[in-house]
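Asks:
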Amino acid sequence: MKKLIFITAPLFVFSACKYTESPSAALAKEMCSCLFVSEQTVDYCKIVTKESRILAKWEAFPEEQKVIARGVNYTSMAKMDEDPRYGCTLLSVERAPENAALFED
Amino acid sequence: MKLRTIKRALWPCLIFSFLSFSVAAKVDYWPTQGWKTRSLESAGFDRQQFQKVLDYVWEDNGEHKSDAFVVIKDGYVVYEGYDRGYHPKRKHMFWSLTKSMTSTIIGAAIHKGHISLDAKAVDYFPEMDREKARDVTLRHILNMSAGFKFYEENPVNIALSDSIFVYYSQKAFRDVAKHVASLDMKYAPDEQFNYGTHQPMLAMGILKKAIDNSSIYDELPWELLFKPLGMKQMVFERDQAGTFLGGSTGWGVAKEYAKIGLLMLEDGIWEDKRILPEWWVKFATQTVAPALLKKKSEEGEMRLNVESYGAYWWLNKKLPMNEHRPYPSAPDNLYQAMGFRGQTMGVLPDQKIIVVRMGSDGRKPNKKLKRDKLYKLLLASLKKEKK
Chain Y
108 MKKLIFITAP LFVFSACKYT ESPSAALAKE MCSCLFVSEQ TVDYCKIVTK ESRILAKWEA
168 FPEEQKVIAR GVNYTSMAKM DEDPRYGCTL LSVERAPENA ALFED
Chain B
344 MKLRTIKRAL WPCLIFSFLS FSVAAKVDYW PTQGWKTRSL ESAGFDRQQF QKVLDYVWED
404 NGEHKSDAFV VIKDGYVVYE GYDRGYHPKR KHMFWSLTKS MTSTIIGAAI HKGHISLDAK
464 AVDYFPEMDR EKARDVTLRH ILNMSAGFKF YEENPVNIAL SDSIFVYYSQ KAFRDVAKHV
524 ASLDMKYAPD EQFNYGTHQP MLAMGILKKA IDNSSIYDEL PWELLFKPLG MKQMVFERDQ
584 AGTFLGGSTG WGVAKEYAKI GLLMLEDGIW EDKRILPEWW VKFATQTVAP ALLKKKSEEG
644 EMRLNVESYG AYWWLNKKLP MNEHRPYPSA PDNLYQAMGF RGQTMGVLPD QKIIVVRMGS
704 DGRKPNKKLK RDKLYKLLLA SLKKEKK
């Protein structure tokens, strides 16, 4: 059993690391679109982004029409295009190891 | 004698002309500036039976959650309703309804001569100059049969799905189509059907490269489709490279999306002008992707062996390996645009009905609207025609 855990644990961690950037990126983009394209309420947008909100925290900047989301190891930013027909664009997905502190508790 | 011969020869022509004019479900006006309305009764519905449709769509017992519901019959809106903060002008995310919209844009681009169905992806993406990939054409990509190794929904955890990673990962998000073109190949084209958001992303990337002019490409969805149909609320999101994300990032309102349904019902004609090739509607909405007729997909691929599929439209054809068609309550020429969280546009050609339902359903089966039940109730609400 121990041997099995020894073998599978690194695989699981590797798999999880590969995808740690996605929750912050998905949350930034989806929250940006929900708030600024659909102009829905924060409460509604929280419901439709609940899967990625489990793994990332977000902050909206209404005047700039952008959203920054911080997940484990990554920070992402999405912003409304100057032409509203193009909605929100994911503009950055950056490594941010310091974000781990946000999820310690 | 000669006159009689000519008359005889003309009869088949007259009959053919009559049939070809009567094939399409001609509307008596074009709703470019907005839909006209009609009462349920005058459109042929039984109001009491139709109430059962509404009871199901709007039931709020913790199961599915509808945001917008529109029913159109013979080109007239017979019902529209909204909930959860939505109204006729609040845009809703289309999720994968975007794929059918992308299909229609590609069809219109083919009609204008921007690209052909036989265009090879490798001619636009050198990343595909490798075994299996170099033979992939736009047609394979529209049939979800290009052959990439891709798992739309990870069976263990949705957060690990390729559909998330394909445009939310650091190496993908700047230029999604280029990223897709570099994905590993698992099959030769047409060998295996594998539904995935990656393929419409690549289709829009191929179209961008074929046009090779950003000022034309940036306006293309509006010039080819949205403006002619009067779809004024449309939003189509892009990646940093400026490529439209053809898989799932369209936004708009239910009544405008329904215009794509009417365009298809009208065989690709709008305001008496052809927008789609003559063969397009049959190809996209009535012809099963060849790979689907071969074998079932492996675990994690496609996920929907019971469904049948055309060119970014879900069909209702029975596949050889199945005992019944996907939506037994609906005719086999039903076609649908379908998306995450219960987004649906169903087109019933025989009844000339278009139904659009936007929703915020959960992922568990008991949290989703059951489309077959919707069609069953809807068809039961039509008054029986008097003989």
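Heads up: the sequence lines are chains Y and B, in that order.
Quick note on numbering: the first sequence equals residues 108 to 212 in the working numbering.
Quick note on numbering: the second sequence equals residues 344 to 730 in the working numbering.
Every residue, glycine too, gets a C-beta built ideally from N, C-alpha and C.
Here the structure is a predicted model, which means the values were calculated and not measured.
Any residues in the stretch 139-155 of chain Y with a beta carbon nearer than 8 Å to a beta carbon of chain B? Which ones, in chain order?
Replies: Of all residues in the stretch 139-155 of chain Y, Ser140, Cys141, Val144, Ser145, Glu146, Gln147, Thr148, Tyr151, Ile154, Val155 have a Cβ within less than 8 Å of some Cβ in chain B.
Asks: Among B:Ser525, B:Lys521, B:Val698, B:Leu712, whose alpha-carbon lies nearest the alpha-carbon of B:Arg473?
Replies: Start at 1 with the first residue of the second sequence, and residue 473 of chain B comes out as number 130. Answer by Cα proximity: B:Ser525.
Asks: Does the beta carbon of Y:Leu197 come closer than 7 Å to any beta carbon on chain B?
Replies: Translated into the one-based positions of the first sequence, residue 197 of chain Y becomes position 90. Y:Leu197 counts as touching chain B.
Asks: Does chain Y have any CB closer than 7 Å to the CB of B:Lys521?
Replies: Sequence index remark: in the second sequence, residue 521 of chain B carries index 178 (1-based). No, B:Lys521 does not count as interfacial toward chain Y.
Asks: Per DSSP, what kind of secondary structure is B:Met701 in: helix, strand or coil?
Replies: In the second sequence, counting from the first residue as 1, residue 701 of chain B sits at position 358. Residue state, collapsed to three classes: strand.
Asks: According to DSSP, is B:His667 helix, strand or coil?
Replies: In the second sequence, the residue the question calls residue 667 of chain B occupies position 324. In the structure shown, B:His667 sits in coil (DSSP, three-state: anything other than H, G, I, E or B).
Asks: Do Y:Val174 and Y:Ala185 count as a contact pair if the criterion is CB distance below 7 Å?
Replies: For the purposes of this step, residue 185 of chain Y is identified with residue 78 of the first sequence, where counting begins at 1. For the purposes of this step, residue 174 of chain Y is identified with residue 67 of the first sequence, where counting begins at 1. Against a cut-off of 7 Å, the Cβ pair of Y:Val174 and Y:Ala185 comes out as a contact.
Asks: For B:Glu470 and B:Gly548, what's the separation of their Cα atoms in angstroms?
Replies: By one-based count along the second sequence, residue 470 of chain B stands at place 127. By one-based count along the second sequence, residue 548 of chain B stands at place 205. Between B:Glu470 and B:Gly548, the C-alpha separation is close to 13 Å.
Asks: If you follow the alpha helix (DSSP H) that B:Trp622 is part of, which residue opens it and which one closes it?
Replies: In the second sequence, counting from the first residue as 1, residue 622 of chain B sits at position 279. That residue, B:Trp622, is in no alpha helix (DSSP H); it is neither H nor E in DSSP.
Asks: What's the call for B:Gly593, buried or exposed, on a 16-neighbour Cβ count within 10 Å?
Replies: Here residue 593 of chain B is taken as the residue at index 250 of the second sequence, counted from 1. With 16 or more Cβ atoms within 10 Å of its Cβ, B:Gly593 is classed as buried.
Asks: Ignoring anything shorter than 4 residues, give me the alpha helix (DSSP H) runs that lie fully in the stretch 502-584 of chain B, in order along the chain.
Replies: Segments of the alpha helix (DSSP H) lying fully in the stretch 502-584 of chain B: 505-511, 519-524, 541-554, 557-564.
Asks: Determine, for B:Ser525, whether the minimum Cβ-Cβ distance to residues of chain Y falls below 7 Å.
Replies: The residue labelled residue 525 of chain B in the question sits at position 182 within the second sequence. No, because no Cβ of chain Y sits closer than 7 Å to the Cβ of B:Ser525.
Asks: Quick check: is the beta carbon of Y:Gly194 nearer than 7 Å to any beta carbon in chain B?
Replies: Numbered from 1 along the first sequence, position 87 holds the residue referred to as residue 194 of chain Y. So, interface residue.
Asks: Indicate, with yes or no, if the ligand NAP has a heavy atom lying under 6 Å from the CB of B:Lys637.
Replies: For the structure depicted, the ligand NAP is absent and the ligand set is empty, with no information on it obtainable.
Asks: By Cβ distance below 7 Å, which residues in the same chain neighbour Y:Phe210 in space, the five residues on each side in sequence not counted?
Replies: The sequence position of residue 210 of chain Y within the first sequence is 103, counting from 1. Around Y:Phe210: Val179.
Asks: Which residues mark the beginning and the end of the alpha helix (DSSP H) in which B:Leu383 is found?
Replies: Counted from its first residue, the second sequence places residue 383 of chain B at position 40. Per DSSP, B:Leu383 belongs to no alpha helix (DSSP H) and is neither H nor E.
Asks: Return the CA-CA distance between Y:Leu134 and B:Leu503, expressed in angstroms with no decimal places.
Replies: Taking the first residue of the first sequence as 1, we reach residue 134 of chain Y at position 27. Taking the first residue of the second sequence as 1, we reach residue 503 of chain B at position 160. For Y:Leu134 and B:Leu503, the distance between alpha carbons rounds to 15 Å.
Asks: Just by C-beta distance, which residues in the stretch 391-416 of chain B are closer than 8 Å to chain Y?
Replies: Result list empty, no residue passes.
Asks: Helix, strand or coil: which one does DSSP assign to B:His457?
Replies: The residue labelled residue 457 of chain B in the question sits at position 114 within the second sequence. B:His457: coil per DSSP, three-state reduction.
Asks: Using a Cβ-Cβ cut-off of less than 8 Å, list which residues of the stretch 413-442 of chain B approach chain Y; keep chain order.
Replies: Of all residues in the stretch 413-442 of chain B, Arg427, Gly428, Arg433, Lys434, His435, Met436 have a Cβ within less than 8 Å of some Cβ in chain Y.
Asks: Can you say whether B:Ser724 is buried or exposed, counting buried as having 16 or more other CB atoms within 10 angstroms of its CB?
Replies: Counting from 1 along the second sequence, the entry for residue 724 of chain B is found at position 381. With 16 or more other Cβ atoms within 10 Å, it is buried.
Asks: Report the rounded CA-to-CA distance for B:Arg700 versus B:Tyr678, giving the unit in angstroms.
Replies: Your numbering for residue 700 of chain B matches position 357 in the second sequence. Your numbering for residue 678 of chain B matches position 335 in the second sequence. So the alpha carbons of these two residues sit roughly 14 Å apart.
Asks: Mind listing the chain B neighbours of Y:Ala203? Cutoff is C-beta to C-beta under 8 Å, in chain order.
Replies: Here residue 203 of chain Y is taken as the residue at index 96 of the first sequence, counted from 1. Those within 8 Å of Y:Ala203 in chain B number zero; the least Cβ separation is about 12 Å.
Asks: Please check if any C-beta of chain Y sits within less than 7 Å of the C-beta of B:Ile507.
Replies: As a working note, residue 507 of chain B is residue 164 in the second sequence. Yes, B:Ile507 counts as interfacial toward chain Y.
Asks: Check Y:Val155 in the structure and name its three-state DSSP category.
Replies: On the first sequence, position 48 is the one that residue 155 of chain Y refers to. If DSSP states are grouped into helix, strand and coil, Y:Val155 belongs with the helices.
Asks: Using beta carbons (cut-off 7 Å, strictly below), is Y:Glu128 in contact with chain B?
Replies: The residue given as residue 128 of chain Y occupies position 21 in the first sequence. By this cut-off, Y:Glu128 is an interface position.
Asks: Would you report the Cα separation of B:Met444 and Y:Phe168, rounded to the nearest angstrom?
Replies: The residue you call residue 444 of chain B lines up with position 101 of the second sequence. The residue you call residue 168 of chain Y lines up with position 61 of the first sequence. C-alpha separation (whole angstroms): 31 Å.
Asks: Suppose you measure from the CA of B:Lys552 to the CA of B:Glu580; what does that come to, to the nearest Å?
Replies: For the purposes of this step, residue 552 of chain B is taken as residue 209 along the second sequence, with counting starting at 1. For the purposes of this step, residue 580 of chain B is taken as residue 237 along the second sequence, with counting starting at 1. Straight-line Cα distance between these residues: approximately 18 Å.
Asks: Could you give the DSSP three-state label for Y:Asn180: helix, strand or coil?
Replies: Position 73 of the first sequence holds residue 180 of chain Y. Three-state DSSP puts Y:Asn180 in a strand.
Asks: Please confirm if the stretch 535-550 of chain B is in contact with the stretch 582-589 of chain B, defined as three or more CB-CB distances below 8 Å between the two stretches.
Replies: Yes, the stretch 535-550 of chain B touches the stretch 582-589 of chain B.
Asks: Whose C-alpha, out of Y:Tyr193, Y:Arg177, Y:Thr156, Y:Glu128, is nearest the C-alpha of Y:Glu137?
Replies: The sequence position of residue 137 of chain Y within the first sequence is 30, counting from 1. Comparing Cα positions, the closest option is Y:Thr156.
Asks: Using a C-beta cutoff of 7 Å, does Y:Val213 count as contacting chain B?
Replies: For chain Y, the structure presents residues 108 to 212; residue 213 of chain Y sits outside this window and is missing.
Asks: Taking B:Ala452 as the reference, which of B:Val421, B:Tyr429, B:Glu566, B:Gln513 has the closest Cα?
Replies: Against the second sequence, residue 452 of chain B aligns to sequence position 109. With distances taken between Cα atoms, B:Ala452 lies closest to B:Glu566.
Asks: Can you grab the Cα-Cα spacing for the pair Y:Leu197 / B:Val578, in whole Å?
Replies: Walking along the first sequence from the start, residue 197 of chain Y turns up at place 90. Walking along the second sequence from the start, residue 578 of chain B turns up at place 235. Whole-angstrom Cα-Cα distance: 15 Å.
Asks: From B:Gln535 to Y:Tyr181, what distance separates their C-alpha atoms?
Replies: Counting from 1 along the second sequence, the entry for residue 535 of chain B is found at position 192. Counting from 1 along the first sequence, the entry for residue 181 of chain Y is found at position 74. B:Gln535 and Y:Tyr181: Cα-Cα distance of roughly 35 Å.
Asks: Excluding five sequence neighbours on each side, which residues of the same chain lie with their C-beta closer than 6 Å to the C-beta of B:Gly563?
Replies: Indexing the second sequence from 1 puts residue 563 of chain B at position 220. Just to set this straight, residue 563 of chain B is Leu in the shown sequence, not Gly. Closer than 6 Å at Cβ, skipping near neighbours: no residue.
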